[in-house]
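Colleague:
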Amino acid sequence: MILDLVIWRIINQRPDPVVRVTRFLLPLLVQDHEMFSSNAGSAGSRYLVARTDVNHPLSAYSKFGFELDGAEWPSVEHYYQGMKFEEGEIRESVRTANNPAKASKLAKANKKLVRKDWSQVRQVMMMRAVYTKCRTHQSVAELLLKTGNKQIVET
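According to my numbering, the sequence shown is numbered sequentially starting from -19.
#1: Apply the 10 Å Cβ neighbour rule to R26 and answer buried if 16 or more other Cβ atoms are within range, or exposed otherwise.
#2: Are the beta-carbon atoms belonging to V34 and K113 less than 8 Å from one another?
#3: Rounded to whole angstroms, what's the CA-CA distance from N79 to P54? Just pull it up for me.
#4: Can you tell me which of the three DSSP states Y148 falls into?
#5: From A51, K92, H58 and L93, pick the residue whose C-alpha is nearest to that of S42; which is it?
#6: State the beta-bridge partners of Q61 as determined by DSSP.
#7: Check whether the stretch 117 to 128 touches the stretch 90 to 103, counting contact only when three or more Cβ pairs, one atom from each stretch, lie closer than 8 Å.
#8: Is the CB-CB distance between V29 and E122 below 8 Å?
#9: Who are I132's beta bridge partners in DSSP?
#10: Just curious, the alpha helix (DSSP H) that E67 is in, first and last residue?
Here it is, written out as structure tokens:
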């Protein structure tokens, strides 16, 4: 609950992409985060990430699974798509999809059943997934810190 409130306040204060907002929480995740400050990019520079790249740790499709809300999620994309639905069969089908693209396709096929508050909670859901992924996988948190001040742009 407290994590949700902190994330919600950060999102409302900064309109940056959700992945970039997570950077504010990363010093809590990585012990020696100061060592990455020399790698910070200049203001205005960009760090490009293909959203569907299963091999890039910062991609929503990457296979860095995590436990959240009482279930194991294979990727951020699985969680994000699954949370569009109330608990039940559709959410479970999305969670257990063979790959992130299949999870996304299942969610799109059921778009009429998306929870009514989705537009209000979707950023929080993405933030929770990225934050938990970074808490679970130190290497992902370190890579995110290495992007410094660069704007992370999904391609």
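Glycine residues also receive a C-beta, built at the ideal position from the N, C-alpha and C atoms.
Modeller: Result, derived from the coordinates:
#1: exposed
#2: no
#3: 8 Å
#4: What the structure shows of the chain is the stretch from -19 to 135, and residue 148 is not part of that stretch, so it cannot be assessed.
#5: H58
#6: DSSP lists no partner for Q61.
#7: no
#8: no
#9: Y27
#10: Where E67 is concerned, there is no enclosing alpha helix (DSSP H), given that its DSSP letter is neither H nor E.
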